[in-house]
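Numbering (my numbering), first residue to last: 69 to 355.
The beta-carbon is built from N, C-alpha and C at its ideal position, and this holds for glycine as well.
This structure is a prediction, so every number in the text was calculated from the model and none was measured.
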C-alpha cells in the first residue's frame, strides 16, 4: 500500500470486491490515488440538452436565463487501482422531476450541487485512453465509455494545461484546448463563490470531508435504466477561477456534443486528487 492509498477516503470506501474485466480480476470500487482533474462548468443550449436526454428518465436543470447546466472533465490520473489513465467526460446536470430554475451565475453549478439534493450529474460522453478502464466503465459501471487517443501536457512560463482528445476507433476529434493554470487561489473569486452559495450552501460544502457528486448513467444495452453511483473526491490543492476567454481556449468538436454550444464560465483545477466511484445502484427514492 502506497502513502497515497493510506487516506480516510479509502478507509471509508475500501476495495471490498472484484470483477473480471478483459480476462483479469480487478478490484472494486474504482479508486484514484493521485493525479489531476480540470473541471469546467458552464451552460449549454437547452434544446440540445433535452434532445440528448430524450431517452432517459431525466430532465435537464436550467438556469433563469433558460440555459442547461453542463460540465467537461479532463483527468490525468497517475495512480489508480486500474492503472494510470486519462479521462474526458461530458456531463449534463439533471433530475428525475422538473426542478426550479437556478439563478444564472458563473458559479451556478456549485450552488445547485450544494443546495438541491435532487441534482444528478449525467455522465453522457466518456472516453478513456486504456482498454481496461474503458471496459471496466462499460461492464462494471454501466457507462457508455469509449477508447480515446489523448495528449495532456503542462507547459511552463506561463503555466498552462494543453490537451487534445480524439476517438481511437475512427480518429474523430472530440475536444481540445489550452487553459491557464494560476499558481494560487484568487481571494476575490472565493468571496464571489461564497456570496453566491449563501450561508446554507457554504455550510453544506464545508461540512463534508469529501466532495460528493451523484452520477447517473445513460440507458444502454448493459443498464436498461438510469442508476445512481455515488462519487467522492478529495484534492490536496485546488484552485477555482472564472473561465477567461483571453487566456483560455476550449473547442468541443464531437458531432454529438458540438450542438450544445458549451459556454464555460469557471474552471476548477484539482491537484493531488483522490477519488472513489462506487458501484451503481437502482434509484429507489425519487424526489
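Residue i - DSSP class collapsed to helix/strand/coil
i: residue 333; result: strand
i: residue 276; result: coil
i: residue 207; result: helix
i: residue 354; result: Note that residue 354 scores 44 on pLDDT, short of 50, meaning its location in the model is unreliable; the coordinates nonetheless yield the value given after this. Residue 354: coil per DSSP, three-state reduction.
i: residue 177; result: helix
i: residue 116; result: helix
i: residue 96; result: strand
i: residue 166; result: coil
i: residue 269; result: helix
i: residue 328; result: helix
i: residue 264; result: helix
i: residue 241; result: strand
i: residue 199; result: helix
i: residue 73; result: helix
i: residue 255; result: helix
i: residue 183; result: helix
i: residue 287; result: coil
i: residue 102; result: strand
i: residue 157; result: strand
i: residue 132; result: coil
Rounded separation between residue i and residue j - CA only
i: residue 350; j: residue 167; result: 21 Å
i: residue 276; j: residue 81; result: 15 Å
i: residue 305; j: residue 108; result: 16 Å
i: residue 95; j: residue 88; result: 9 Å
i: residue 171; j: residue 334; result: 16 Å
i: residue 297; j: residue 205; result: 12 Å
i: residue 359; j: residue 255; result: Residue 359 is absent from the model: the chain starts at 69 and stops at 355.
i: residue 173; j: residue 326; result: 22 Å
i: residue 235; j: residue 253; result: 34 Å
i: residue 179; j: residue 302; result: 19 Å
i: residue 130; j: residue 117; result: 10 Å
i: residue 79; j: residue 165; result: 35 Å
i: residue 159; j: residue 185; result: 17 Å
i: residue 92; j: residue 251; result: 41 Å
i: residue 288; j: residue 323; result: 19 Å
C-beta contact flag for residue i and residue j at 8 Å
i: residue 150; j: residue 77; result: no
i: residue 267; j: residue 273; result: no
i: residue 175; j: residue 261; result: yes
i: residue 197; j: residue 217; result: yes
i: residue 162; j: residue 190; result: yes
i: residue 140; j: residue 343; result: no
Residue i, buried or exposed, once every other Cβ within 10 Å from all chains shown has been counted against 16
i: residue 354; result: Any answer about residue 354 is weak, because its pLDDT of 44 lies below 50 and its placement is not dependable; what the coordinates show is given next. Exposed is the call here.
i: residue 86; result: exposed
i: residue 75; result: exposed
i: residue 226; result: exposed
i: residue 245; result: buried
i: residue 69; result: exposed
i: residue 319; result: exposed
i: residue 309; result: buried
i: residue 433; result: Nothing can be reported for residue 433: it is not among the residues displayed for the chain, which extend from 69 to 355.
i: residue 285; result: buried
i: residue 312; result: exposed
i: residue 155; result: buried
The alpha helix (DSSP H) enclosing residue i, as first and last residue numbers
i: residue 76; result: 76 to 80
Start-to-end residues for the beta strand (DSSP E) that takes in residue i
i: residue 296; result: 295 to 310
i: residue 221; result: 213 to 223
i: residue 147; result: 136 to 148
i: residue 318; result: 317 to 320
i: residue 85; result: 85 to 89
i: residue 235; result: 228 to 235
Residue-chain proximity (residue i, chain C), Cβ-Cβ < 8 Å
i: residue 349; result: Looking at the structure shown, chain C is missing, and only one protein chain is on hand.
Residue i: CB within 7 Å of a non-hydrogen atom of the ligand ZN
i: residue 212; result: Ligands in the displayed structure: none, and consequently the ligand ZN is not present.
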